[in-house]
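Going down the list, the protein sequences come from chains A and B. Counting along the first sequence from 1, when you hit position 271 you're at 271 in UniProt numbering, and nothing is skipped either side. Counting along the second sequence from 1, when you hit position 394 you're at 394 in UniProt numbering, and nothing is skipped either side. Glycine included, C-beta positions come from ideal geometry on N, C-alpha and C. Source: prediction; values computed, not measured.
Protein chains: 2
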Amino acid sequence: MVQTRFNDRKAFQNLNRLSKNLNEDKFHLKHMIQDKKRLENFSLKFDGFFYDFSKQRIDDRVMEELLNLARQAEAKKKFSQMVSGEIVNITENRAALHTAARGFIPDPANLTDMDVLSEINRVNSQIKEFSAKIHNSQIRSDSGKPFTDAVVIGIGGSYLGCEFVYTALKHCIEPKIKLHFLSNVDIDNFGQVIKTINPETCLWIVISKSYTTTETMANLKQVLLFLKNNKLDPSSHLVTVTAKGSPGDDPANKVLDSFHMFDFIGGRYSVTSAVGGLPLSLAFGFDIFTRFLKGCHAMDLHAVNAPEKQNIPLISALISIWNSNFLHYPAQAIIPYCSALSKLAPHVQQLYMESLGKGVTFDGNLIDYKTGIIIFGEPGTNAQHSFFQLAHQGSPFPVEFIGVVTPVYNKDQAGSNGVYNHQELWANMIAQAKALAMGKDDDNKAKYFTGNRPSSTLVINNLTPESIGMLLAFYEARTVYEGFILGINPFDQFGVELGKILASQIRDHIKQKNTDETYTFDSFDPATKFYLDTLFNGSL
Amino acid sequence: MVQTRFNDRKAFQNLNRLSKNLNEDKFHLKHMIQDKKRLENFSLKFDGFFYDFSKQRIDDRVMEELLNLARQAEAKKKFSQMVSGEIVNITENRAALHTAARGFIPDPANLTDMDVLSEINRVNSQIKEFSAKIHNSQIRSDSGKPFTDAVVIGIGGSYLGCEFVYTALKHCIEPKIKLHFLSNVDIDNFGQVIKTINPETCLWIVISKSYTTTETMANLKQVLLFLKNNKLDPSSHLVTVTAKGSPGDDPANKVLDSFHMFDFIGGRYSVTSAVGGLPLSLAFGFDIFTRFLKGCHAMDLHAVNAPEKQNIPLISALISIWNSNFLHYPAQAIIPYCSALSKLAPHVQQLYMESLGKGVTFDGNLIDYKTGIIIFGEPGTNAQHSFFQLAHQGSPFPVEFIGVVTPVYNKDQAGSNGVYNHQELWANMIAQAKALAMGKDDDNKAKYFTGNRPSSTLVINNLTPESIGMLLAFYEARTVYEGFILGINPFDQFGVELGKILASQIRDHIKQKNTDETYTFDSFDPATKFYLDTLFNGSL
């Protein structure tokens, strides 16, 4: 697949020129947002999902060229190819069919190697049945007691998305089974988790596609020892989510049940597969998980079908590219004015930075333009009292505000200063976007605000499984669109390999030292030797 | 105080020149770290606190000029002035005496306006007595039951530092009183907190210097309503941490007790004052808090006394300046290979970005150089499975690794691949720093790593109150040093004011609408009107 490079496209050149003019005062946001039609012209709504980009540093000409950029990259065509099961992850020779996990493939007959939808349906039926049996106590622990808690053992894509959705939904739905997460190989992560559960009523969900992920296997072994010490049979306390035929799928290793994951769904896009499906169905019931999938599916249909000009994930991908490649902002903050969405930023941080932090094009050439930026964020108003000083007066970065129209809590409210807490929250969200855009002059330069700092605002109506699904699928689609337009592969992650190789070399030496205390680390460079000696000495 | 501007200093010019040469291949980190003396020459140790900057893109000449920069800025002199109680926060006409909270003022007789140390000692004695009475059940709740939980109501500096220290220490010490945090004005934050506590055994700690912080007051009112609904007397369930004479210190508002905070300690530097002292003493006992203070004090003494060349906070501030102002990295990641330190990055994010994200110099001139960068981070190895793809192959950013030699968990360990989990953790930490520095060539450009990506490594021996104290005081001192060298005020935060003013205007209109439903938002711009109408409609 030979492509025109991103920065050789005609639209790129035009956008570069347009960005140079942008320093003229008339393009300051404080002027641009005076236009009465500004919000109308620079916002989109779809099915209870609202995206306001009126406070981005764009005008009609920029928007038109950005859309040209998407057209020249054939972004929509590639997105269609993705949902149809073509091999879009070319470096790994795989499809990227996370959208099929929501039950959607335009023409499933075209997929020759396996019947993707019936495989997905099979796993979902299995999840439905298993979680129902846990909830009605048909399946009980080795102690004979019903399960009350489940620990998800997984890292990265086997963890962050599920944690985001669980955290959001538990604000509105009381969990039937409480979830905990054991991700880090840090033994103190294990030490903390076991303080919070009762081993007799705890299920352990091991999630690893290959069933060789170092951290997950190390934690599994620690859990097996823990079960043994508590005289509990692992085959009554463990389930696995793993690829068909992996060691975790081996009938010789008896477990309660195994759920398959597929190589056509990558880790960071896997929340809607069994990776999220099993833990979330255990927590809230399979019907809630199904409602969540419906929300994702609605956004998928929008992402694949809406014309460029109305396509929210596509437009937001273009704006992200505009901000990073033309206006040279190095980061974007995601600030949900909603405590329930506190784990959204860490999830998107992985999704985005792992997908787009690439050094080569789709066709394997080194890149000389910007790909991927830093994503970080905390909920507002908390962020206002943390790092917004920098946002207003230090080096600028674009902000994505997220608002939820109706909160979950619906009992007695006291109010303060004549407004309710949720109103106070929204007053702040609205004010921050305005303050960043407008700025303020002041003779006292310590109180002077440059303004002209861009932001978007996303709004959903409420915290339902459907709207959380839309939010998840929105960020997935936007990430994929951005990859396609930048001409990079948003599905591989070769950048994590070198660290693994070096860690494995160091591990081999530690292993030798563990069996032979006279072994030395002299073959290493002085720094590596110093750290390993310190580790074995137990002190600096 | 008229100063030479940061970028007019001689050392600045020299550093600028040195940075230009740095693209020569011989300065690639893979070559620089081959020097057998590299670690020895570019690392510092003090009292169980180790700082390795050998994988930073510096050499002797750069280091010498950086030290000149510190000398020309009289950084150490200013630091001494700070700990001596001079008015270093000139825009707010205040001292910055967080170090005095650790019992340290070189010459207290010089302080004319109040006896700082005896005031601090008085509050600490009060904390000691109060927490002891809670622990031995001399003070009980209105229900007659002993207290089991406490909710900290505070935001920003009244919350993040305490949360960091609490999270770290609860890995090694079982809390006597469990802490919870109610920070966000989001009513769903309140809704979640009350699910986790029993109102009959819960103490509420209201932290606000002025006792007017919008979020904290709104949450307080909500809590008062909650106590009333539960038929509990607020005067038996509330304590306040606030300035002398504030509404929270008014004897007319009966509370269990009030603890003073002082205007010579700013919010983000206040963990060692009553802001952290009361909750942490309730959680772990006053003796543990005292040990924590000792760790801070040890680092304070080092920061004020160690010569430039051996001064860890000063050197690390210089390296941060080198990376942002000369090598133009826009961010820094803080990656503790330690789950217990999971809340360190959010705390440092506030401390650093609010202190250094400034637009004016100390003497009130607009700035034309970089001040403040983005701080973000997650624990390793989790971060490796999240955003390290970008760190290795996308746009580079410096990383600060943090290692703890001995973990807390000391029971049975299973091990995996011939190594224990903590060894695996360290193997990864060592490998990541190496991989970032070295890079790797590969004909397959998807597997090519540029390397030359800088990192530092901090090591502490173990998770004790003392070492957590050193870590906290290290980041405080480094932030202050960076501000002094950059010629900005690290103690004010005028950048948060504009948003507050605009929120207050919007609040006034919401208030009117709450009492008169025919009231319209027509006087606002269309975007603000749209958001407020949506909020009142309850739907998009």
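- Message: Any beta carbon of chain B sitting closer than 8 Å to that of A/Ala527?
- Response: yes
- Item | Backbone secondary structure at B/Thr213 - three-state DSSP | coil
- Near-chain A residues of the segment 391-410 of chain B - C-beta to any C-beta below 8 Å: Ala391, His392, Gln393, Gly394, Ser395, Phe397, Gly403, Val405, Thr406, Pro407, Val408, Tyr409
- Query: Beta carbon of B/Asp337, beta carbon of A/Phe190: below 8 Å?
  - Reply: The displayed chain sequence assigns Tyr, not Asp, to residue 337 of chain B. No, Cβ-Cβ distance for B/Tyr337 and A/Phe190 is not below 8 Å.
- Message: Would B/Leu18 and B/Val88 be called neighbours here (beta carbons separated by less than 8 Å)?
- Response: Not closer than 8 Å, so no.
- Task: Would you please verify whether the beta carbon of A/Gly499 is less than 8 Å from any beta carbon of chain B?
- Result: yes
- Message: Is it buried or exposed, B/Met429, if we count other Cβ atoms within 10 angstroms and call 16 or more buried?
- Response: buried
- Keeping to the same chain, check which residues put their C-beta closer than 8 Å to that of A/Ser80; ignore five residues upstream and five downstream. Pro106, Val304
- How about A/Ala503: is its C-beta nearer than 8 Å to some C-beta of chain B? yes
- Message: Give the list of continuous alpha helix (DSSP H) stretches no shorter than 4 residues that lie fully inside the segment 310-378 of chain B.
- Response: 312-321, 344-356
- Would you mind sorting A/Gln512 into buried or exposed? The rule is 16 or more other CB atoms within 10 Å of its CB. exposed
- Please state if the CB of A/Glu200 and the CB of A/Lys145 are separated by a distance shorter than 8 Å. yes
- Query: At least one CB of chain C closer than 8 Å to the CB of B/Asp533: is that the case?
  - Reply: No chain C appears in this structure, whose protein chains are A and B.
- Task: Round the Cβ separation of A/Gln56 and A/Ile319 to the nearest angstrom and send it over; I've been treating them as touching at under 8 Å.
- Result: 5 Å
- Taking Cβ positions, are A/Asn461 and B/Leu540 nearer each other than 8 Å? yes
- Members of the segment 80-93 of chain B that neighbour chain A once the beta carbon cut-off is set at 9 Å: Taking 9 Å as the Cβ-Cβ cut-off, the segment 80-93 of chain B approaches chain A at Thr91, given in chain order.
- Item | Straight-line Cα distance separating B/Ser125 from A/Leu344 | 42 Å
- A/Ser43 - containing beta strand (DSSP E), residue span: 43-46 is the extent of the beta strand (DSSP E) around A/Ser43.
- A/Asn452: buried (16+ other C-beta within 10 angstroms of its C-beta) or exposed? buried
- Item | Cβ pair A/Ala101, B/Ala503 closer than 8 Å | A/Ala101 is not a Cβ neighbour of B/Ala503, given a cutoff of 8 Å.
- In chain B, which residues lie with their C-beta within 8 Å of the C-beta of A/Met353? Here the neighbours are Ser386, Phe387, Gln389, Leu390, Gly394.
- Item | C-beta atoms of B/Ser235 and B/Leu256 nearer than 8 Å | yes
- A/Ala150 by DSSP, collapsed to three states: which one? DSSP places A/Ala150 in strand when its eight states are reduced to three.
- Who are the neighbours of B/Lys370 on chain A, taking C-beta pairs under 7 Å? Ser395
- Message: Based on DSSP bridge pairs, tell me the residues matched to residue 544 of chain A.
- Response: Missing from the structure shown is residue 544 of chain A; chain A here goes from 1 to 540 and no further.
- Kindly indicate if chain A contains any beta-carbon less than 8 Å away from that of B/Met1. In this prediction, B/Met1 scores a pLDDT of 44, lower than 50, which makes its location untrustworthy; the coordinate-derived value is nonetheless stated afterwards. B/Met1 does not count as touching chain A.
- Message: Does any residue of chain B have a CB that is nearer than 8 Å to the CB of A/Thr4?
- Response: no
- Query: Roughly how many angstroms lie between the CA atoms of A/Leu486 and B/Lys209, to the nearest whole one?
  - Reply: 49 Å
- Task: Counting only the same chain and skipping the five closest in sequence on each side, list residues whose C-beta sits under 8 Å from that of B/His392.
- Result: Ala435, Leu436, Phe449, Arg453
- Message: Please classify B/Asp115 as buried or exposed, where buried requires at least 16 neighbouring CB atoms within 10 angstroms.
- Response: exposed
- Query: Taking the Cβ atom as the reference point for each residue, do A/Gly377 and A/Ile335 lie within a distance shorter than 8 Å?
  - Reply: Yes; because the gap between Cβ atoms is below 8 Å, this pair is in contact.
- Query: Roughly how many angstroms lie between the CA atoms of A/Ile488 and A/Phe494, to the nearest whole one?
  - Reply: For A/Ile488 and A/Phe494, the distance between alpha carbons rounds to 13 Å.
- Query: In terms of alpha-carbon separation, which member of A/Arg38, A/Arg5, A/Leu220 lies closest to B/Tyr420?
  - Reply: Looking at the Cα atoms, A/Leu220 is the closest of the given residues.
- Item | Residues in the segment 255-277 of chain A having any Cβ partner in chain B nearer than 7 Å | none
- With a Cβ-Cβ cutoff of 8 Å, do B/Ile205 and B/Pro279 count as a contact? yes
- Message: So, under 8 Å CB-CB, A/Met353 and B/Gln389 are touching, yes? Tell me the CB distance rounded to an integer number of Å.
- Response: 6 Å
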